[in-house]
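To start, the structure itself, in structure tokens.
There are 2 protein chains.
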Amino acid sequence: MIDCDVHNGWDSARVLLPYLDRSFRDYLDRGELPGGRDSFPHGHRAWLHPEGYMRYDTLPPSGGAPATDYAYMCEQLLDRYDLDYAILLGEEGMEVSTLANPYYASALARAHNDWVLDTWAPLDDRLRISITVAPQDPEGAAAEIRRVGGHPSVSQVVVTSGSQRPYGDPFFHPMWEAASEMRLPIAAHLGGQGGVNANPTGTGPPTFYWETHAMLCETGMGHLASVLAHGVFERYPHTRLVLVECGVAWLPAVLWRLDADYTALRKETPWLKRLPSEYAHEFVRVTTQPLERPRNPDALWTALDDIGGRDMLMFASDYPHWDFDDPFTTRFPAEWRDAVLDGNARALYRLPAARPREEAAGAGA
Amino acid sequence: MIDCDVHNGWDSARVLLPYLDRSFRDYLDRGELPGGRDSFPHGHRAWLHPEGYMRYDTLPPSGGAPATDYAYMCEQLLDRYDLDYAILLGEEGMEVSTLANPYYASALARAHNDWVLDTWAPLDDRLRISITVAPQDPEGAAAEIRRVGGHPSVSQVVVTSGSQRPYGDPFFHPMWEAASEMRLPIAAHLGGQGGVNANPTGTGPPTFYWETHAMLCETGMGHLASVLAHGVFERYPHTRLVLVECGVAWLPAVLWRLDADYTALRKETPWLKRLPSEYAHEFVRVTTQPLERPRNPDALWTALDDIGGRDMLMFASDYPHWDFDDPFTTRFPAEWRDAVLDGNARALYRLPAARPREEAAGAGA
């Protein structure tokens, strides 16, 4: 007899290390991996960070993964930068969007939310919670928003920017309706590539991690255009869209294009009453990390100013990830600082007015 | 007997007109259609322009389709604007990229090229020809570039910006190799959505024509990133990438992101010797139509100046399409005009130096 399908195993993929060229040995030895037995189930992306996407210095001295130790997070982030509030977005939880099974995805999202409200919310009034939902299950997402969206620590809903379709599509309207009813923004956070979700560019699959990471801004653009064109904020005026980690420099270019194309062909979307850029200015907020760095800073701020960017940008660090923006060294124009570092987020998330205090030494200077 | 699959027909889809609401009656009556018996075979896009994408005033008085009558093209474009040269890109020919059968696609491209060289090239020395290839058949594309790329009227190769994968991918290298050998740029022209090609955004299928049209800039971004990351210009230094009709305002934002991500993770692409923006400045050119229109023009030009945009932009009108940019009314900064309206294209396409002449009244003023 001949058996023509037998699988030979290994205990660890590390057996391949001696057989790899040095540059790829480095990927396999130190890079991002889909995870073992205790990892969170999600469709892992095909673009693996060659060193893993954590800042090595965020590993807590007490052991465990980055950003799992509250005291160390205080030391490295909340106290160090004297933050009034930190919007927590979890880590892998939002990646439920990549799963084919929408019921399992919603079940994992519910478990994630109960865990984060049980264990993180009570720790510190400065921590504000984002609840995760599975957008591929819009009715389940709506039910979850209504179930936990009223918890006093909850400030927003989060989904990945990777998706099967753009979020303005009627398929997702139950999710927007529930968010509006609960007066919560929905944040589309960079991620969720892989699994059942679309490729992250308009040209099919890119190749390298750095190439892909730079191009992930395209996911933010696509959702922005879709949500504006479908008139989500005409239908559901008490929610907002927050684009997290998609960058900000592209925003003027895309809004100029959307305004021009809408103006020419507005008969396609008769439910809109204002220009796309006008809806964006009122209903869309964009976090700053990773902030683009032109040779001439005016090249960024002059463009952003043209679309009222001072009212739309909100500071974010992305702690504990590799491309962290440090509040002490990230530069904003002096007349933008109060709005971007504080005021815009405080208004969006309806956080109490800041107490007068000493000027934090160097913060955002 | 019961036959459970019988098809009832109509002579024309116009039978549906009385049954449609007014706004969609307009789409069906006046909008873009996939075409009848004599149309060119391609996988038609799912995003149909609600009025068709031609300027109505370009229909020749002699009958026929827009831009089919040479004398009328002279009257409306070449003579009216006193053009030294016009780079012809054909019309539907490049859409062969959407076909599943790469051999048929290449055969249609060859026929298209022979037709355009037979009928258009001899008409006027001002007309420069772009030969079409089927990128999904890279060896066939390379053979076609070598077959007709040496014709004295040929100035570049054109493919659609819609594609199955980004054009830096090794799959496409035979096409780049042949273009470099023949000293021809490859233009990726907006289009080629539909058929076997990728959805035009990084979030799955958008919905409306105007939304999609604004977002088609994402196809240009994806190819730009891919071609730079794969080091196409290190391997094939005698070709260039021209992005046609993808807009220009996003270019600084994307290059800033690419530079930052490359700098952080350049070990992934050790064949690169310079920053992505430095390769782009030397090897990538971008046509200006549809030129974005900020409220404050400086918001556009300051950003473009940061990446050396004056050396990269080339004027284009998109005649005879609906969103034509008129050379008399499109505004460029005074110190950019010579390069953008003339010098950059003349250098790229190796066209003879301009003869001294009277200042064309008003052109680009």
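These protein sequence lines map, in sequence, to chains A and B. Heads up: the first sequence begins at -2 in this note's numbering, then just goes up one per residue. Heads up: the second sequence begins at -2 in this note's numbering, then just goes up one per residue. Idealized CB from N, CA, C, for every residue including glycine.
Beta-carbon proximity list for residue i, same chain, < 8 Å, skipping 5 on both sides
| i | result |
| --- | --- |
| Asp256 (chain B) | Leu272, Pro273 and Ser274 |
| Ala351 (chain B) | Asp81, Asp339 and Arg343 |
| Pro47 (chain B) | Asp23, Tyr24, Arg27, Gly28, Glu29 and Tyr206 |
| Ala362 (chain B) | Below a pLDDT of 50, predicted positions are generally treated as unreliable, and Ala362 (chain B), at 36, falls in that range; the measurement from the model is reported next regardless. Only Phe325 meet the Cβ criterion. |
| Gly146 (chain A) | Ile128, Val154, Ala175, Ala176, Met179 and Leu181 |
Within-8 Å CB hit, residue i to chain B
| i | result |
| --- | --- |
| Phe168 (chain A) | no |
| Gln133 (chain A) | no |
| Thr157 (chain A) | no |
| Lys264 (chain A) | yes |
| Ala360 (chain A) | Low confidence applies here, because Ala360 (chain A) scores a pLDDT of 45, under 50, leaving its location unreliable; read the following figure in that light. Closer than 8 Å: no. |
| Pro250 (chain A) | The identity of residue 250 (chain A) in the sequence shown is Ala, whereas the question assumes Pro. So, interface residue. |
| Asp320 (chain A) | yes |
| Glu289 (chain A) | yes |
| Ala246 (chain A) | yes |
| Ala357 (chain A) | Because Ala357 (chain A) sits at a pLDDT of 46, beneath the cut-off of 50, its placement in the model cannot be relied upon, and the following sentence gives the value as read from the coordinates. No, Ala357 (chain A) does not count as interfacial toward chain B. |
| Asp26 (chain A) | no |
Selected residue, minimal CA-CA separation from residue i, among the options
| i | options | result |
| --- | --- | --- |
| Pro287 (chain B) | B:Ala277, B:Thr326, B:Ile304 and B:Tyr259 | B:Thr326 |
| Ala277 (chain B) | B:Ser59, B:Leu240 and B:Ala10 | B:Leu240 |
| Ala176 (chain B) | B:Arg11, B:Ala10, B:Pro349 and B:Tyr233 | B:Tyr233 |
| His367 (chain B) | B:Thr95, B:Ile84, B:Glu29 and B:Arg27 | Only positions -2 to 362 of chain B appear in the structure, and residue 367 (chain B) is not among them; the question remains open. |
| Arg292 (chain B) | A:Leu301, A:Glu289 and A:Ser160 | A:Leu301 |
| Val151 (chain A) | A:Gly159, A:His186 and A:Leu86 | A:Leu86 |
| Leu181 (chain A) | A:Phe312, A:Asn341, A:Thr236 and A:Leu114 | A:Thr236 |
| Asp320 (chain B) | B:Cys1, B:Phe37, B:Asp54 and B:Asn5 | B:Asp54 |
| Ile183 (chain A) | A:Gln161, A:Ala140 and A:Thr157 | A:Thr157 |
| Arg19 (chain A) | B:Trp333, B:Gly32, B:Lys264 and B:Ala83 | B:Lys264 |
| Tyr50 (chain A) | A:Glu88, A:Ser36 and A:Glu178 | A:Glu88 |
| Gly217 (chain A) | B:Leu17, B:Leu13, B:Asp115 and B:Met212 | B:Met212 |
| Phe230 (chain B) | B:Thr200, B:Glu279, B:Leu252 and B:Gly191 | B:Glu279 |
| Leu56 (chain A) | A:Asp335, A:Val337 and A:His318 | A:His318 |
Three-state secondary structure (DSSP) of residue i
| i | result |
| --- | --- |
| Ser20 (chain B) | helix |
| Thr127 (chain A) | One point to set straight first is that residue 127 (chain A) is Ser, not Thr, in the sequence displayed. If DSSP states are grouped into helix, strand and coil, Ser127 (chain A) belongs with the strands. |
| Leu74 (chain B) | helix |
| Ala41 (chain B) | Correcting the residue identity first, residue 41 (chain B) is His in this sequence and not Ala. Coil. |
| Arg144 (chain B) | helix |
| Gly305 (chain B) | coil |
| Ser152 (chain A) | strand |
| Val193 (chain B) | coil |
| Val241 (chain A) | strand |
| Thr284 (chain A) | strand |
| Thr55 (chain A) | helix |
| Thr157 (chain A) | strand |
| Trp112 (chain B) | helix |
| Glu184 (chain B) | The sequence shown places Ala at residue 184 (chain B), rather than the Glu named in the question. Strand at Ala184 (chain B). |
| Gly359 (chain A) | With a pLDDT of 45 at Gly359 (chain A), under the threshold of 50, the modelled position of that residue is not reliable, and the figure given next carries that caveat. Reduced to three states, the DSSP call for Gly359 (chain A) is coil. |
| His210 (chain A) | helix |
| Gly201 (chain A) | strand |
| Ala62 (chain B) | coil |
| Ala83 (chain A) | strand |
| His220 (chain A) | helix |
| His235 (chain B) | coil |
| Cys1 (chain A) | coil |
| Leu348 (chain B) | coil |
Beta-carbon contacts of residue i that lie in its chain and below 6 Å, excluding the five residues immediately before and after
| i | result |
| --- | --- |
| Tyr259 (chain B) | Pro273 |
| His109 (chain A) | Gly90 and Thr129 |
| Ala358 (chain B) | Unreliable positioning characterises Ala358 (chain B) in this predicted model, as indicated by a pLDDT of 44, which lies under 50. A coordinate reading is not provided. |
| Ala118 (chain A) | Ile126 and Ser150 |
| Leu120 (chain A) | Tyr67 |
Residue-level contact to chain A via CB, residue i, 8 Å cutoff
| i | result |
| --- | --- |
| Trp112 (chain B) | no |
| Arg292 (chain B) | yes |
| Cys214 (chain B) | yes |
| Glu275 (chain B) | no |
| Ala257 (chain B) | yes |
| Ala102 (chain B) | no |
is_contact[residue i, chain E] using C-beta, thresh 8 Å
| i | result |
| --- | --- |
| Thr284 (chain A) | Chain labels in this structure do not include chain E; the protein chains are A and B. |
Cβ-based neighbour list, residue i, same chain, cut-off 7 Å, excluding 5 preceding and 5 following
| i | result |
| --- | --- |
| Arg107 (chain B) | Glu141 |
May I ask you to list, following chain order, the residues of the region 43 to 55 of chain A that have a beta carbon less than 9 Å from some beta carbon of chain B? If the cut-off is 9 Å between Cβ atoms, the region 43 to 55 of chain A has His46, Pro47 and Glu48 near chain B.
task = Could you list the residues in the region 169 to 186 of chain A with a C-beta less than 7 Å from some C-beta on chain B, going in chain order?
result = Residues of the region 169 to 186 of chain A with a C-beta less than 7 Å from any C-beta of chain B: none at all.
Requested in this report: Compile a chain-ordered list of the residues in the region 192 to 207 of chain A whose CB is closer than 9 Å to at least one CB of chain B.
Outcome: If the cut-off is 9 Å between Cβ atoms, the region 192 to 207 of chain A has Asn194, Ala195, Asn196, Pro197, Thr198, Gly199, Thr200, Gly201, Pro202, Pro203, Thr204, Phe205, Tyr206 and Trp207 near chain B.
Short-range partners of chain A found in the region 215 to 237 of chain B, where Cβ spacing is below 9 Å | Correct list: Glu215, Thr216, Gly217, Met218, Gly219, His220, Ala222, Ser223, Leu225, Ala226 and His227.
Residues of the region 299 to 321 of chain B whose Cβ lies closer than 9 Å to any Cβ of chain A, in chain order
Answer set for the region 299 to 321 of chain B: Thr299, Ala300, Leu301, Asp302, Asp303, Ile304, Trp319 and Asp320.
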